[in-house]
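Position one of the sequence shown corresponds to residue 2 (the numbering used here), numbered consecutively onward.
Glycine included, each C-beta is placed from N, C-alpha and C at the ideal position.
Working notes for the structure below.
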Amino acid sequence: MHRFLFRRLFQSVLGVGVTNAYLGGFKPPGALWQGQSKGFCVPTLNCYACPGSLFACPIGTLQHFVIIRSVPVYFTGLFVTLSMSVGRMACGTLCPFGFLQDLLYKFRSFKIRIPSWMTYLKYASLVGLAIIIPFYTLQPWFSKLCPVGTLIGGLPWVTINPEIRAMIHELFWVKIAILIAVVSLAAVAKRPFCRVACPLGAIYSLFNRISILRLAWNEAECSHCDKCTRICPMDIPIYKDANNHNCIRCLDCTQCPAVSITHAFAGARLPASEPTADVPAGIPATA
């Protein structure tokens with residue numbers, strides 16, 4: 002378990018370090034990087050307005066093209082290719098905000114389970130907040146309310162720039178309330194933002210079942226102990242739906258000592274992770 006946690010910590014720190022490496026932007030009064038890299042998206046949510054950001058946010062880019070009434074050819078090609086290749090793997094291996102939610106869930110507290118029907122609300126977030134509302138209002142409303150943007154963009158700016166701090170109004174406090182709600186909920190429920198509200202996750206999830214990289218389950222080796230569900234940061238019972246639209250391909254479920262969860266690449270089985278002693282046997286996989 003600790004090996005998996007360390008791997009994801011390293012990947013998330015790498016994701017933050019690479020995408021937000023412009024340290025000069027954090028020097029008061031702050032400045033945005035204006036280099037050519039800002040024309041490219043990273044595969045996870047990353048606020049364009051973060052003082053250290055070197056790249057664009059994918060959902061911010063999508064909204065930009067919606068607002069200017071243009072077809073996002075680059076965006077569509079990039080993210081369809083990523084989705085068809087590995088599904089939601091970027092969510093499980095690179096997204097720092099997702100990893101933050103995983104850490105918060107480890108706090109000792111009462112826990113609740115998010116109803117499965119609520120996980121479809123992320124499609125409403127994609128279609129409504131990221132496409133339809135920006136189309137009619139000409140404003141990027143998802144970005145205005147995004148808790149990731151508030152955390153790495155809004156809060157740093159009001160901290161380092163007194164002029165921006167003086168311009169704080171009602172919308173800023175709405176953003177803070179949303180961030181607090183997501184962070185608080187993450188302490189009692191597994192990845193609430195990723196499962197219920199992330200429009201980028203919604204895009205990736207459309208291809209989870211047909212992506213080249215996927216999970217496979219072998220019923221003959223499964224004892225239905227439900228350990229895979231407890232390990233899974235998205236609360237998925239692998240033996241019921243190995244390639245569920247919520248699966249983020251974090252590979253945590255491959256801790257099964259029976260190595261009954263494996264990965265298929267164009268029909269060929271790839272080696273799963275080495276089993277660990279702290280997880281009982283009994284999870285599945287058929288190619």
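Helix, strand or coil at residue i [DSSP, three-state]
i: Arg215; result: strand
i: Ala57; result: strand
i: Cys48; result: coil
i: Val42; result: The question names Val, but residue 42 is Cys in the sequence shown. Reduced to three states, the DSSP call for Cys42 is strand.
i: Pro29; result: coil
i: Ala259; result: Because Ala259 sits at a pLDDT of 43, beneath the cut-off of 50, its placement in the model cannot be relied upon, and the point is left open.
i: Ala267; result: Confidence at Ala267 is low in this model, with a pLDDT of 45, below 50, so its placement is unreliable and the value that follows should be read with caution. DSSP places Ala267 in coil when its eight states are reduced to three.
i: His65; result: helix
i: Met90; result: helix
i: Ile181; result: helix
i: Lys241; result: coil
i: Met235; result: coil
i: Leu252; result: coil
C-beta atoms of residue i and residue j nearer than 8 Å
i: Phe111; j: Pro148; result: no
i: Gly36; j: Gly53; result: no
i: Ser59; j: Lys123; result: In the sequence on display, residue 59 carries Pro and not Ser. Taking 8 Å as the Cβ cut-off, Pro59 and Lys123 do not qualify as a contacting pair.
i: Gly154; j: Cys51; result: yes
i: Lys145; j: Leu172; result: yes
i: Leu214; j: Met119; result: no
i: Tyr239; j: Trp218; result: The residue you asked about is not Tyr; residue 239 is Ile in the sequence shown. Closer than 8 Å, so yes.
For residue i, the nearest candidate out of the options (CA to CA)
i: Pro44; options: Ser71, Ser84, Ser126, Ser144; result: Ser84
i: Val184; options: Cys223, Cys199, Leu101, Asn209; result: Leu101
i: Gly99; options: Asn219, Gln12, Leu24, Arg210; result: Gln12
i: Ser38; options: Phe208, Ser224, Ala22, Ser206; result: Ala22
i: Arg109; options: Cys92, Phe136, Ala190; result: Ala190
Same chain only: Cβ atoms within 8 Å of residue i, ignoring 5 sequence neighbours per side
i: Thr151; result: Lys176, Ile177, Ile179, Leu180
i: Gly16; result: Val43, Thr45, Leu95, Cys96, Pro97
Spatial neighbours of residue i in its chain, beta-carbon cut-off 7 Å, leaving aside the 5 residues before and after
i: Ser212; result: Ser84, Met85, Ser86, Val87, Gly88
i: Ile303; result: Residue 303 is absent from the structure shown; the chain starts at 2 and stops at 288.
Close beta carbons around residue i, own chain, < 6 Å, minus the five adjacent residues each side
i: Glu164; result: none
Closer than 7 Å: residue i CB and nearest the ligand MG heavy atom
i: Ile179; result: The ligand MG is absent from the structure shown, which contains no ligands of any kind.
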